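**Student:**
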Amino acid sequence: FSVHDLAQDFCVLCGAMRTLAFFRCVARPQLPNGASAAAGRPFASSCSSSSSSSSAPPRPLEGMLVVSLEQAIAAPYCTSRLADAGARVIKIERKDGKGDFARGYDRFANGMSCQFVWVNRGKESLPLDLKAPEDQALLHRILDKADVWVQNMVPGATMRAGFGSEYLRERYPRLITCDISGYGSERAAGSYWDMKAYDMLVQAESGLSALSGKPDWPTRVGVSVADISCGMFCHASVLEALLYVKLSGRGCAIDTSLFSSLADWMTVPLFHYEADGKGPVVGHGLRHPSLQPYAAYETSGDPVLISVQNERELASLCEGVLSRPELPADERFSCNVARCQNSEALDEIIQAAFLAVDRTTLIAKLREHRIAYGEVNGMRGFSQHPALTRVPVALPDGSTVQAVAPPSRINGEPRELRPVPGYGQHEDAIRKEFAA
2 FSVHDLAQDF
12 CVLCGAMRTL
22 AFFRCVARPQ
32 LPNGASAAAG
42 RPFASSCSSS
52 SSSSSAPPRP
62 LEGMLVVSLE
72 QAIAAPYCTS
82 RLADAGARVI
92 KIERKDGKGD
102 FARGYDRFAN
112 GMSCQFVWVN
122 RGKESLPLDL
132 KAPEDQALLH
142 RILDKADVWV
152 QNMVPGATMR
162 AGFGSEYLRE
172 RYPRLITCDI
182 SGYGSERAAG
192 SYWDMKAYDM
202 LVQAESGLSA
212 LSGKPDWPTR
222 VGVSVADISC
232 GMFCHASVLE
242 ALLYVKLSGR
252 GCAIDTSLFS
262 SLADWMTVPL
272 FHYEADGKGP
282 VVGHGLRHPS
292 LQPYAAYETS
302 GDPVLISVQN
312 ERELASLCEG
322 VLSRPELPAD
332 ERFSCNVARC
342 QNSEALDEII
352 QAAFLAVDRT
362 TLIAKLREHR
372 IAYGEVNGMR
382 GFSQHPALTR
392 VPVALPDGST
402 VQAVAPPSRI
412 NGEPRELRPV
422 PGYGQHEDAI
432 RKEFAA
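Written as structure tokens, this is what we have:
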């Protein structure tokens with residue numbers, strides 16, 4: 002392939018979900034010696050036609066088989082998004098009567114764990130004992146038809162069980178393997194490679210909790226951002242890997258970690274620290290460390306947060322909302338650097354103006370003059386937010402929960418989400434399908 006050809010193919014990644022629908026109809030390149038016969042199909046697993054109506058959002062990954070030895074959040078987040086797009090995801094769980102320990106996190110979703118419901122919709126549950134020869138053989142028969150293998154077990158566990166990713170790629174040359182860990186491979190993470198890791202531990206190790214808290218009092222970000230970001234990066238990497246398989250005819254290895262995912266998000270404060278030896282101001286609450294005015298202010302009701310990003314917006318705020326059109330000419334507020342240096346004086350002016358009118362009038366002025374603002378909501382306000390879209394998800398007992406719809410709409414419609422699996426719900430059918 003020429004550089005131009007490669008560039009064209011990888012530019013398609015910007016619309017990868019729709020592009021992959023096309024790949025199902027494209028013949029694959031010559032297979033390397035030793036490749037499974039199943040690999041000659043557009044996806045390794047057999048592909049059935051979609052039963053969705055023509056008006057429903059497409060599921061471009063239909064026909065793709067993902068096998069995931071997973072637990073907790075990071076890997077299940079990745080594979081649930083592949084399932085949303087139509088991939089068949091077989092979730093391997095411990096054969097101990099309980100399975101993924103995330104099933105027991107809470108009982109807030111009609112008696113099920115809300116975290117499990119969130120990241121396991123659309124999957125099939127298969128409990129296996131990977132020490133049992135018959136279950137090992139079954140897993141290999143499934144992998145012979147698989148496109149993607151994902152795992153986030155304790156570092157080294159899959160290798161000890163005989164399912165290390167390097168070995169699997171040798172045995173199944175077109176297989177994409179995705180290993181998720183706390184800190185990365187031994188080569189990337191050094192002495193940290195085999196450490197157990199959970200979300201809040203990595204928030205602390207990465208420095209994020211220090212930025213999120215008060216001085217000398219680090220704070221956990223309110224959701225599991227290390228797990229979520231890692232799952233998002235893995236999902237994107239799998240889509241890239243599918244393009245790579247199309248180009249090369251070979252599978253590839255994906256290796257990512259909770260720490261590396263948060264480290265990417267910490268790039269800006271890291272550069273800041275390395276420039277001045279201090280880094281961003283800690284303990285600023287709902288206040289941006291380097292843009293002003295970008296903060297929450299008291300009102301006659303709940304607080305309102307405003308964001309001014311440029312001098313044009315500042316002029317609109319001062320004239321239309323604060324009734325102080327002269328402020329932008331004041332050298333204390335004439336540019337963002339000056340405003341940051343004189344933020345206390347600017348805060349006093351803004352706070353006085355916000356308290357001088359009732360909250361409804363204030364919000365109307367902000368909207369009229371196109372000032373970006375946000376109401377500081379709790380969970381009640383969020384649950385009633387007009388921009389929040391909900392979609393039903395079926396649970397194993399036949400009940401449904403109203404889940405948050407996936408953030409991306411395709412052809413203007415939210416995607417229908419498939420049911421959450423009960424523990425071992427699909428075991429008999431899968432064993433029959435992949436019998437020796």
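Following the working numbering, the numbering of the sequence shown begins with 2 at its first residue and continues without gaps. Think of the CB as a built atom: it goes at the ideal place given N, C-alpha and C, for glycine as much as any other residue. Note that the structure is predicted; figures quoted are calculated from it, not measured.
With H, G and I counted as helix, E and B as strand and the rest as coil, what does DSSP make of Ala36?
**Tutor:** Bear in mind that the predicted position of Ala36 carries a pLDDT of just 44, short of 50, making it unreliable; the figure below should be weighed with that in mind. Here Ala36 sits in coil by DSSP.
**Student:** Given a cut-off of 7 angstroms on the beta-carbon distance, is the pair Val151 and Ala227 in contact?
**Tutor:** For Val151 and Ala227, no; Cβs fall outside 7 angstroms.
**Student:** Which residues bound the beta strand (DSSP E) around Ser258?
**Tutor:** Element bounds for Ser258: Ala254 to Ser258.
**Student:** Considering only residues of the stretch 173 to 237, which uninterrupted alpha helix (DSSP H) runs meet the minimum length of 4 residues and lie entirely inside it, listed in chain order?
**Tutor:** Taking only runs of at least 4 residues, the alpha helix (DSSP H) segments lying wholly in the stretch 173 to 237 are 187 to 190, 200 to 206 and 209 to 213.
**Student:** One question on the structure: do Pro415 and Val392 come within less than 7 angstroms of each other, judged by their Cβ atoms?
**Tutor:** Taking 7 angstroms as the Cβ cut-off, Pro415 and Val392 qualify as a contacting pair.
**Student:** Give me whichever residues DSSP pairs with Leu66 in a beta bridge.
**Tutor:** DSSP, once it has assigned bridges, lists Arg89 as partnering Leu66.
**Student:** For a test of the three-state rule: what should DSSP assign to Ser166, helix, strand or coil?
**Tutor:** Helix, per DSSP.
**Student:** I want to know whether the stretch 107 to 114 touches the stretch 268 to 287 - three or more CB-CB distances under 8 angstroms.
**Tutor:** Not touching, per the Cβ criterion.
**Student:** Would the beta-carbon of Cys253 be found less than 6 angstroms away from any heavy atom of the ligand GDP?
**Tutor:** Only the bare structure without any ligand can be found here, which leaves the ligand GDP out of the picture.
**Student:** Restricting to runs no shorter than 4 residues, where is the alpha helix (DSSP H) found entirely within the stretch 344 to 390?
**Tutor:** Complete alpha helix (DSSP H) runs here, min 4: 344 to 356, 360 to 369 and 380 to 384.
**Student:** Where do the ends of the alpha helix (DSSP H) carrying Lys146 lie?
**Tutor:** That residue, Lys146, is in no alpha helix (DSSP H); it is neither H nor E in DSSP.
**Student:** Count the CB pairs spanning the stretch 294 to 308 and the stretch 354 to 373 that are closer than 8 angstroms, and state whether there are at least three.
**Tutor:** The answer is yes - the stretch 354 to 373 touches the stretch 294 to 308, with three or more Cβ pairs under 8 angstroms.
**Student:** Fully enclosed by the stretch 109 to 142, which alpha helix (DSSP H) runs are 4 residues long or longer?
**Tutor:** Counting only runs of 4 or more, we get 115 to 121.
**Student:** Which class does Tyr295 belong to by DSSP, given the choice of helix, strand or coil?
**Tutor:** Three-state DSSP puts Tyr295 in a strand.
**Student:** Considering only C-alpha positions, which residue in the set Asp101, Glu71, Ala388 and Pro58 is nearest to Gly87?
**Tutor:** Closest option to Gly87, Cα to Cα, is Pro58.
**Student:** May I ask you to report which of helix, strand or coil DSSP gives Pro326?
**Tutor:** Reduced to three states, the DSSP call for Pro326 is coil.
**Student:** Report the residue from Ile411, Gly413, Asp398 and Thr390 whose alpha carbon sits nearest the alpha carbon of Ala404.
**Tutor:** Ranking Ile411, Gly413, Asp398 and Thr390 by Cα distance to Ala404 puts Thr390 first.
**Student:** Can you find the residues in the same chain that come closer than 6 angstroms, C-beta to C-beta, to Pro216, ignoring five residues on each side of it along the sequence?
**Tutor:** Answer for Pro216: Val283 and Gly284, listed in chain order.
**Student:** Inspect the beta-carbon positions of Leu180 and Asp256 and report whether they are closer than 7 angstroms.
**Tutor:** Note on residue identity: the sequence assigns Asp, not Leu, to residue 180. Result yes, Cβ atoms of Asp180 and Asp256 sit closer than 7 angstroms.
**Student:** Which residues bound the beta strand (DSSP E) around Gln403?
**Tutor:** Thr401 to Val405 is the extent of the beta strand (DSSP E) around Gln403.
**Student:** Reducing DSSP to helix, strand and coil, say where Val392 ends up.
**Tutor:** Note: Val392 maps to strand in three-state DSSP.
**Student:** Excluding the 5 residues flanking Pro290 on each side, which residues of the same chain have their C-beta closer than 7 angstroms to its C-beta?
**Tutor:** Counting only Cβ-Cβ distances below 7 angstroms, and skipping sequence neighbours, we find Pro281 and Val282.
**Student:** Return helix, strand or coil for Leu306, following the three-state DSSP convention.
**Tutor:** Here Leu306 sits in strand by DSSP.
**Student:** Does the beta-carbon of Val269 have 16 or more other beta-carbons within 10 angstroms, so that it is buried, or is it exposed?
**Tutor:** Label assigned to Val269: exposed.
**Student:** Is the beta carbon of Arg122 closer than 7 angstroms to that of Arg333?
**Tutor:** No.
**Student:** For the alpha helix (DSSP H) containing Ile431, list its first residue and its last residue.
**Tutor:** That run of the alpha helix (DSSP H) goes Glu428 to Glu434.
**Student:** As a quick exercise: from Ser258, Gly321, Ser126 and Phe109, pick the residue whose alpha carbon is nearest that of Ser81.
**Tutor:** The residue with the shortest Cα to Cα distance from Ser81 is Ser126.
**Student:** Among Gln293, Asp101, Leu62 and Pro304, whose alpha-carbon lies nearest the alpha-carbon of Glu71?
**Tutor:** Answer by Cα proximity: Asp101.
**Student:** For my contact list, Val246 and Ile177 are in at a C-beta cut-off of 8 angstroms; report their separation, rounded to the angstrom.
**Tutor:** About 7 angstroms separates the two Cβ atoms, so the contact holds.
**Student:** Compute the distance between the beta-carbons of Ala84 and Lys124, then report whether it is under 7 angstroms.
**Tutor:** Yes, Cβ-Cβ distance for Ala84 and Lys124 is below 7 angstroms.
**Student:** For Glu71, name the three-state secondary structure that DSSP assigns.
**Tutor:** Here Glu71 sits in coil by DSSP.
**Student:** Using DSSP's beta-bridge definition, name the partner residues of Arg95.
**Tutor:** DSSP, once it has assigned bridges, lists Leu129 as partnering Arg95.
**Student:** Can you give me the start and stop residues for the alpha helix (DSSP H) that Arg313 sits inside?
**Tutor:** Segment Glu312 to Ser317, the alpha helix (DSSP H) holding Arg313.
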